[in-house]
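Undergrad: Dropping the structure in here first, questions after.
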């Protein structure tokens, strides 16, 4: 019997909402949009952050750059021997890499000069990688393969203009498929000799050094010793690399602030509109209900149901749409903010990591305040004499 | 059908969809896990340090390797002109304090 009463009140509430259907559908649409935007950002940033954590754990423990006048400069490879002598360092390898601007398609590529073996059975590489001393062969990211005016694929030739104005041609022997696009979309991997010839890099220099440290706990000590021994160097720790991505995708980051502010303001306006009072029609309805014998608690229950129906419907629809947007449609609405003027960018095939803690916070910050903002003005109206309420 | 029953059915359908999406996320994560092993291998072999999020500016392609004054690299007062520069902030400088405290033998 008691349950039947609540269901009857819910029935009445739904009937009352349908009477003002345009207004309520409007509120549900705005509310859904707010939840959709915020939860899309939560899904995207959390998923990218998890991906960064998992993938960048395999980056070199320390990258040592040389600085001159505050700018990054080529580093002498003779430093390798001295760094190898620091206790705790297991190996030091030079990294040869740089950028190449392709004016034909107005795109920036990242070129790596490294002969890599050990990727033969890799599922995300079609073909093979150039071997360490192999000349005029390259492996390229799927992003580059797709963006070139004449599409490049295995077996075709890639032409790059060297620093001495000569054209170098590279036979494409490998493609990093788009599943690995988040790390490889704009990569061109060639051998070390080819890279040095392409950018006219002096002998005995490298872009920077990758320092391997076996014991994780010793990494900061090794970095400090490198900095002490070579004051013009800048050691970048793997922890810093991961922290940088935490900052990029964190709540305080530019990404979140840029995209979140609009949604937040829209929601505040909506909640403000609800919280500041009832319309004359709504007040009159409460007065009539009271006059025909409804208790104050019944009126409040009706308003609770009203808030719950609108906010729960919007919350569920918003979350479902956000999931579909991020994980099925590749974040098509948010990706342009990250792409900016980039010509090459990866297709976002994100792993659906879900942070239930953030979803719960979102729910408590939207559904609960909305129900409260519906109930409080109604409570004020329902404790007033029905005659006064009906007269306005 | 009573309106309340319709509401409960609608809510139940939404909850079922959410449950299905949750199951889908688990299936998808296990597929990603297999692929991720290969991507990790690439990161390790090629010594990669950054994700390809934006390739328009050097400091948004490799934020962790960028110059310390990346957004103002042309001259100290220059304003940010790449749209991605407003979305991808400069690198985390927390450890700089530690590094600057290093004692030297100089005067």
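Protein chains in written order, with my numbering: chain L, 9 to 400; chain V, 21 to 127.
Yeah, the Cβ is synthetic: ideal placement off N, Cα and C, and Gly gets one too.
Hey, quick one: how far does the beta strand (DSSP E) through residue 322 (chain L) stretch, first residue to last?
TA: Residue 322 (chain L) -> not in any beta strand (DSSP E); alpha helix (DSSP H) instead, spanning 304–331.
Undergrad: For a cutoff of 8 Å on Cβ pairs, would you count residue 240 (chain L) as touching chain V?
TA: Not one chain V Cβ lies under 8 Å of residue 240 (chain L).
Undergrad: Using beta-carbon positions only, say whether residue 104 (chain V) and residue 65 (chain V) come within less than 8 Å of one another.
TA: No.
Undergrad: Comparing the C-beta of residue 348 (chain L) with each C-beta of chain V, is any distance below 8 Å?
TA: Yes, residue 348 (chain L) counts as interfacial toward chain V.
Undergrad: Report the neighbours of residue 61 (chain V) on chain L: residues whose CB is nearer than 7 Å to its CB, in chain order.
TA: Result: 127 and 130.
Undergrad: So, at 6 Å on beta carbons, what are the nonlocal neighbours of residue 291 (chain L) in its own chain, with the 5 sequence-adjacent residues on each side left out?
TA: Only 389 and 397 meet the Cβ criterion.
Undergrad: Mind checking residue 120 (chain V): buried by the 16 CB within 10 Å criterion, or exposed?
TA: Bear in mind that a pLDDT of 45 at residue 120 (chain V), under 50, signals an unreliable position, so the number given afterwards is only what the model happens to contain. Answer is exposed; the Cβ neighbour count stays below 16.
Undergrad: Can at least three beta-carbon pairs, one atom from the stretch 145–157 of chain L and one from the stretch 229–243 of chain L, be found at a separation below 8 Å?
TA: Verdict: no, contact absent.
Undergrad: Of the residues that make up the stretch 71–90 of chain V, which ones have a beta carbon closer than 9 Å to any beta carbon in chain L?
TA: Within the stretch 71–90 of chain V, the qualifying residues are 71, 72, 73, 74, 75, 76, 77, 78, 80, 81, 82, 83, 84, 85, 86, 87, 88 and 89.
Undergrad: Relative to the C-alpha of residue 72 (chain L), which candidate in L:90, L:65 and L:55 has its C-alpha closest?
TA: Out of L:90, L:65 and L:55, L:90 has the C-alpha closest to the C-alpha of residue 72 (chain L).
Undergrad: Examine chain V for any beta-carbon lying closer than 8 Å to the beta-carbon of residue 80 (chain L), and answer yes or no.
TA: It does; some Cβ of chain V falls within 8 Å.
Undergrad: Contact check, residue 83 (chain L) vs residue 216 (chain L) under 8 Å by CB: the rounded distance?
TA: The pair is a contact, with the Cβ atoms about 6 Å apart (cut-off 8 Å).
Undergrad: Determine whether the Cβ of residue 56 (chain V) lies closer than 8 Å to any Cβ atom of chain L.
TA: Yes, residue 56 (chain V) counts as interfacial toward chain L.
Undergrad: Return the residues of the stretch 87–106 of chain L that lie within a Cβ-Cβ distance of less than 8 Å from chain V, sorted by chain order.
TA: So the close ones are 101 and 103.
Undergrad: DSSP beta-bridge partners for residue 84 (chain L)?
TA: Its beta-bridge partners are L:213.
Undergrad: At a Cβ cut of 8 Å, what residues of the stretch 358–382 of chain L count as close to chain V, listed as they run along the chain?
TA: Under the 8 Å Cβ criterion, the stretch 358–382 of chain L contributes 359, 360, 361 and 362.
Undergrad: Closer than 8 Å, CB to CB, is residue 107 (chain V) near chain L or not?
TA: Yes, contact with chain L.
Undergrad: In the DSSP assignment, the beta strand (DSSP E) including residue 242 (chain L) goes from what residue to what residue?
TA: Run containing residue 242 (chain L): 241–245, per the beta strand (DSSP E) assignment.
Undergrad: Let me check understanding here. Comparing Cα to Cα, which of V:84, V:30 and V:23 lies closest to residue 16 (chain L)?
TA: The residue with the shortest Cα to Cα distance from residue 16 (chain L) is V:23.
Undergrad: Closer than 9 Å, Cβ to any Cβ of chain V: which residues of the stretch 181–202 of chain L, in chain order?
TA: The stretch 181–202 of chain L vs chain V, Cβ under 9 Å: 184, 187, 188, 189, 190, 191, 192, 193, 194, 195 and 197.
Undergrad: Decide if residue 51 (chain V) is buried, meaning its Cβ has at least 16 other Cβ atoms within 10 Å, or exposed.
TA: By the 10 Å Cβ count, residue 51 (chain V) comes out exposed.
Undergrad: Taking only beta carbons into account, state which residues of the stretch 28–47 of chain V come closer than 8 Å to chain L, listed in chain order.
TA: Of all residues in the stretch 28–47 of chain V, 30, 31, 34, 35, 37, 38, 41, 42, 44 and 45 have a Cβ within less than 8 Å of some Cβ in chain L.
Undergrad: For chain B, is any of its Cβ atoms less than 8 Å away from the one on residue 168 (chain L)?
TA: Protein chains in the displayed structure are L and V, and chain B is not among them.
Undergrad: Say whether chain V places a C-beta atom closer than 8 Å to the C-beta of residue 32 (chain L).
TA: Output row for residue 32 (chain L): interface = no.
Undergrad: What runs of the beta strand (DSSP E), each 3 residues or longer, lie entirely inside the stretch 115–146 of chain L?
TA: 115–121 and 133–135, all fully within the stretch 115–146 of chain L.
Undergrad: Quick one: what does DSSP say residue 355 (chain L) is sitting in, helix, strand or coil?
TA: Reduced to three states, the DSSP call for residue 355 (chain L) is coil.
Undergrad: By how many angstroms is the C-alpha of residue 183 (chain L) removed from the C-alpha of residue 70 (chain V)?
TA: C-alpha separation (whole angstroms): 19 Å.
Undergrad: For residue 175 (chain L), report the span of its beta strand (DSSP E) as first-last.
TA: Its beta strand (DSSP E) spans residues 175–184.
Undergrad: Between which two residues does the alpha helix (DSSP H) carrying residue 232 (chain L) extend?
TA: Residue 232 (chain L) -> alpha helix (DSSP H) spans 227–237.
Undergrad: Residue 248 (chain L) CB to nearest chain V CB: under 8 Å?
TA: Interface residue, yes.
Undergrad: Let me know if residue 177 (chain L) comes out buried or exposed under the rule of 16 or more other beta-carbons within 10 Å of its beta-carbon.
TA: By the 10 Å Cβ count, residue 177 (chain L) comes out exposed.
Undergrad: Evaluate residue 88 (chain L) with the Cβ neighbour count: other Cβ atoms within 10 Å of its Cβ, from every protein chain shown; 16 or more gives buried, anything less gives exposed.
TA: By the 10 Å Cβ count, residue 88 (chain L) comes out buried.
Undergrad: Scan the stretch 205–229 of chain L for residues whose Cβ lies nearer than 8 Å to a Cβ of chain V and list them as they occur along the chain.
TA: Going along the stretch 205–229 of chain L in chain order, one finds 216, 218 and 228 with a Cβ nearer than 8 Å to chain V.
Undergrad: Given this structure, state the Cα-to-Cα distance separating residue 74 (chain V) from residue 344 (chain L), to the nearest angstrom.
TA: Roughly 10 Å separates the two Cα atoms.
Undergrad: Do you know offhand how far residue 75 (chain L)'s Cα is from residue 69 (chain L)'s?
TA: So the two alpha carbons sit approximately 19 Å from each other.
Undergrad: Using a Cβ-Cβ distance cut-off of 8 Å, determine whether residue 352 (chain L) contacts chain V.
TA: Output row for residue 352 (chain L): interface = yes.
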